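Trainee: Please read through the structure below; I'll follow up with questions.
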Amino acid sequence: MKCSLMKSCCRLLSFGLAALLAGDCVAEVKVTAELSQEGSFFRFENVPLPAIDDTGSKGKWKVVAGQVDANSGSIERLFDGRVPASADQPSENFFFAAGTQNGLITVDLEQVTDVAEIVSYSWHTDSRAPQVFSVYAATGEEPGFAFPVSVDEISNTSGWKKIASVNTRQVNQNGVQHAVRIFEPDAILGKFRHLLFEMNATEPGNRFSHTFFSEIDVIAGDATKVQRITAPEVREIKFTTTDEAYRFTIDVTQALELEMWAAEELNPLIQDWYPKIVAMLPSEGFEAARHVRFRFLRDEEMKGIPAYASGPTISMNAEWFRGQLNGEARGAVVHEMVHVVQGYSGRNHRGRGFVAPPGWIVEGIPDYIRWFLFEPETGGARLSAERLKDAKHDASYRTSANFIDWVIRNHPNDGRFLEQLNAAAREGRYSGETWKELTGKTEQELADAWREGRQDDR
Ligand SMILES: [Zn+2]
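Quick note, my numbering runs 236 ahead of the 1-based positions in the sequence shown.
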């Protein structure tokens, strides 16, 4: 969409941790957008932390069109100076209902104000993270000034001037936070009393793609004088493998009590095992992540999950780890590092018939490496003959690890079985047939022999 006011089209692309893009038009106004996967607190490279006592926090906010989702927080969530603690907290965000095309929100600043900038923050794991909206402004003193009652009415309603259009939609990543800053360098955005936000779904055709807006700040005057949420100082342990082939960062900001353990125990474990896992699971043209990030998050943010991997980032539940330092902590990290190396996203194979491997393969391989190669002495995935009789080879995790171990011992394929199984999964060509291709026996034949505890002939 073009706007008639356009004098120049400013697209200031700001590349934060990942990157991002900008709005379409509007006179001199700059729109910067940044993404962050850093965890809580909305820490961005150029966009400041969310404000608490900005002018917007004292304004009157109102939904004038569109249906608010039943699980959304109230509209206060947009200006209360509070942010969610995790990537999927509906009640701590404000969002429109599934199926609502566009929503309209007005803010009355109660007097004509020198608006310096507008900054919006969102956080979600998926299609609700990007921001797609336009913002209009008015003094309220324009002849015939009125409020539109629907998006279609905006252009026919007197007094409103479009300030910016924003679109941060792009390939999304898990747990991503988006921040958008609308401002004019060395000037104010304008003198306004009323702001109007036209909120759009991020994916046309996806009913569940209304953005989880965590905060929208309207700053008047000096942005440096505004009170911001407080985020703890970032504390990281950085190291590499001796040959410097791989770099690692452990973010202990939210678990200072684990800093020493991370430095003394986790660091050598990672240096030793990450390259080992990479070497175990090669495939043609595949390159494992060269920088792996580990971060401790609080239990609330982890929703009780001990650990998970997302791309090259491993998130670890601080409370769970604290209780498992002499138990499962190290093994869990090995398991997650295998997920990083698996790289089963299909990114390099999309459009070439990539078929996502089943969950029991995705989880069975990490548990095989963990229980049978990393800590065999714990016997964590052993099965008694009694339990084996009723076991299901595709029951995932330890049970599938036990099955994979049995297949490897009976059909080692010159020591390449694991590598070949993983390559098939990574390249999206894994199927039940893979077992027959690699061992000469069907999946069912193998599973039956495994359950009976037979030693197969080779
Ligand atoms: Zn897993």
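Cβ atoms here follow ideal geometry from the backbone N, Cα and C, with glycine treated the same way.
Quantities reported herein were computed from a predicted structural model and do not represent experimental measurements.
Would you identify the three-state DSSP class for E679, choosing helix, strand or coil?
Mentor: The sequence position of residue 679 within the sequence shown is 443, counting from 1. Collapsing the DSSP output to three states places E679 in a helix.
Trainee: Express the C-alpha separation of E451 and R364 in angstroms, rounding to a whole number.
Mentor: As a first step, residue 364 must be located in the sequence shown, where it is residue number 128. As a first step, residue 451 must be located in the sequence shown, where it is residue number 215. Using only the alpha carbons, I get a separation of about 14 Å.
Trainee: Excluding the five sequence neighbours on either side, which residues of its own chain have a C-beta within less than 8 Å of the C-beta of T678, listed in chain order?
Mentor: For the purposes of this step, residue 678 is identified with residue 442 of the sequence shown, where counting begins at 1. Sequence-distant partners of T678 (beyond 5 residues in either direction) whose C-beta falls short of 8 Å from its own C-beta, in its chain, are G668, W671 and K672.
Trainee: Would you call the segment 288–304 and the segment 458–470 touching, i.e. three or more CB-CB distances under 8 Å?
Mentor: yes
Trainee: What residue range does the beta strand (DSSP E) around G426 cover?
Mentor: Sequence index remark: in the sequence shown, residue 426 carries index 190 (1-based). That run of the beta strand (DSSP E) goes G426 to N436.
Trainee: Cβ of P548 within 7 Å of Cβ of V576?
Mentor: Residue mapping note: residue 548 aligns to position 312 of the sequence shown, counting from 1. Residue mapping note: residue 576 aligns to position 340 of the sequence shown, counting from 1. Yes, the Cβ-Cβ distance between P548 and V576 is below 7 Å.
Trainee: Quick check: what's the CA-CA separation for E434 versus V348?
Mentor: Along the sequence shown, read from residue 1 onward, the residue named residue 434 stands at position 198. Along the sequence shown, read from residue 1 onward, the residue named residue 348 stands at position 112. Between E434 and V348, the C-alpha separation is close to 21 Å.
Trainee: Helix, strand or coil: which one does DSSP assign to S450?
Mentor: In the sequence shown, counting from the first residue as 1, residue 450 sits at position 214. DSSP places S450 in strand when its eight states are reduced to three.
Trainee: So does P594 have its beta carbon nearer than 6 Å to some heavy atom of ligand 1?
Mentor: Counted from its first residue, the sequence shown places residue 594 at position 358. Incorrect: P594 has no Cβ contact closer than 6 Å to ligand 1.
Trainee: Spatial neighbours of R471 within its chain, please: C-beta separation below 6 Å, excluding the five flanking residues on both sides.
Mentor: Against the sequence shown, residue 471 aligns to sequence position 235. For R471, where only same-chain residues beyond five positions count, the Cβ hits under 6 Å are V488 and T489.
Trainee: Among F428, S322 and N307, which has the Cα closest to the Cα of V343?
Mentor: Position 107 of the sequence shown, counting from 1, holds the residue named residue 343. Looking at the Cα atoms, F428 is the closest of the given residues.
Trainee: Got a sec? Which residues, its chain only, sit under 6 Å from I550 by beta carbon, not counting five neighbours each side?
Mentor: Within the sequence shown, the letter at position 314 stands for residue 550. The answer, listed in chain order, is F530 and E572.
Trainee: Under 7 Å, do F532 and N503 count as touching if we go by C-beta distance?
Mentor: Taking the first residue of the sequence shown as position 1, residue 532 is located at position 296. Taking the first residue of the sequence shown as position 1, residue 503 is located at position 267. No, these two residues do not count as a Cβ contact at 7 Å.
Trainee: For R645, count neighbouring Cβ atoms within 10 angstroms of its own Cβ and tell me buried if that reaches 16, exposed if not.
Mentor: Looking up residue 645 in the sequence shown gives position 409. By the 10 Å Cβ count, R645 comes out exposed.
Trainee: Would you call the segment 610–623 and the segment 582–602 in contact, with 3 or more CB pairs under 8 Å?
Mentor: no
Trainee: Rounded to a whole number of angstroms, what is the C-alpha to C-alpha distance between P320 and E555?
Mentor: Your numbering for residue 320 matches position 84 in the sequence shown. Your numbering for residue 555 matches position 319 in the sequence shown. Computed Cα separation, rounded: 19 Å.
Trainee: Let's see if you can read the secondary structure: which residues bound the beta strand (DSSP E) around G339?
Mentor: Numbered from its first residue, the sequence shown carries residue 339 at position 103. G339: member of the beta strand (DSSP E) spanning N338 to H360, first to last residue.
Trainee: CB-CB under 8 Å to F444, same chain, minus the five flanking residues each way: which ones, in chain order?
Mentor: Residue mapping note: residue 444 aligns to position 208 of the sequence shown, counting from 1. Same-chain partners within the cutoff: A334, S363 and R364.
Trainee: Quick one: Cα of G567 to Cα of P602, how far?
Mentor: Position 331 of the sequence shown, counted from the first residue, corresponds to residue 567. Position 366 of the sequence shown, counted from the first residue, corresponds to residue 602. Rounded to the nearest angstrom, the gap between the Cα atoms of G567 and P602 is 10 Å.
Trainee: Can the beta-carbon of I399 be found less than 7 Å from the beta-carbon of A373?
Mentor: On the sequence shown, residue 399 is found 163 positions in, with the first residue counted as 1. On the sequence shown, residue 373 is found 137 positions in, with the first residue counted as 1. Yes; because the gap between Cβ atoms is below 7 Å, this pair is in contact.
Trainee: Go ahead and pull the three-state DSSP assignment for W297.
Mentor: To locate residue 297, count along the sequence shown from 1; it is residue 61. In the structure shown, W297 sits in a strand (DSSP, three-state: E or B).
Trainee: With respect to the alpha helix (DSSP H) encompassing T635, which residues constitute its N-terminal and C-terminal limits?
Mentor: Numbered from 1 along the sequence shown, position 399 holds the residue referred to as residue 635. In the DSSP annotation of this structure, the continuous segment of the alpha helix (DSSP H) that includes T635 starts and ends at Y633 to N646.
Trainee: Please work out which residues of its chain come closer than 7 Å, Cβ to Cβ, to L314, disregarding the five sequence neighbours upstream and downstream, and give them in chain order.
Mentor: Indexing the sequence shown from 1 puts residue 314 at position 78. Its chain contains W297, F330, F449, E451 and I452 as the residues whose beta carbon lies nearer than 7 Å to that of L314, once the 5 sequence neighbours on both sides are disregarded; these appear in chain order.
Trainee: Have a look at the DSSP bridge pairing and note the partners of L533.
Mentor: Position 297 of the sequence shown, counted from the first residue, corresponds to residue 533. In DSSP, L533 forms a bridge with N553.
Trainee: P542: beta carbon under 6 Å from a heavy atom of ligand 1?
Mentor: Numbered from 1 along the sequence shown, position 306 holds the residue referred to as residue 542. Not under cutoff, so the answer is no.
Trainee: Taking its Cβ as the centre, do 16 or more other Cβ atoms sit within 10 Å of T447, making it buried, or is it exposed?
Mentor: Residue numbering aside, residue 447 sits at position 211 when the sequence shown is read from its first letter. Burial call: buried.
Trainee: Got a list of residues with beta-carbon closer than 6 Å to any non-hydrogen atom of ligand 1, in chain order?
Mentor: H571, H575, E599 and P602
Trainee: Looking only at DSSP bridge pairs, what is S369 linked to?
Mentor: Residue numbering aside, residue 369 sits at position 133 when the sequence shown is read from its first letter. It should be noted that the sequence gives Phe, not Ser, for residue 369. Paired residue(s): V402 and M435.
Trainee: Sort out for me which residues DSSP pairs I486 with in a bridge.
Mentor: On the sequence shown, residue 486 is found 250 positions in, with the first residue counted as 1. Answer is I473 and F530.
Trainee: If you follow the beta strand (DSSP E) that Q413 is in, where does it begin and where does it stop?
Mentor: Stepping through the sequence shown from its first residue, residue 413 is reached at position 177. Here the beta strand (DSSP E) through Q413 covers V412 to F419.
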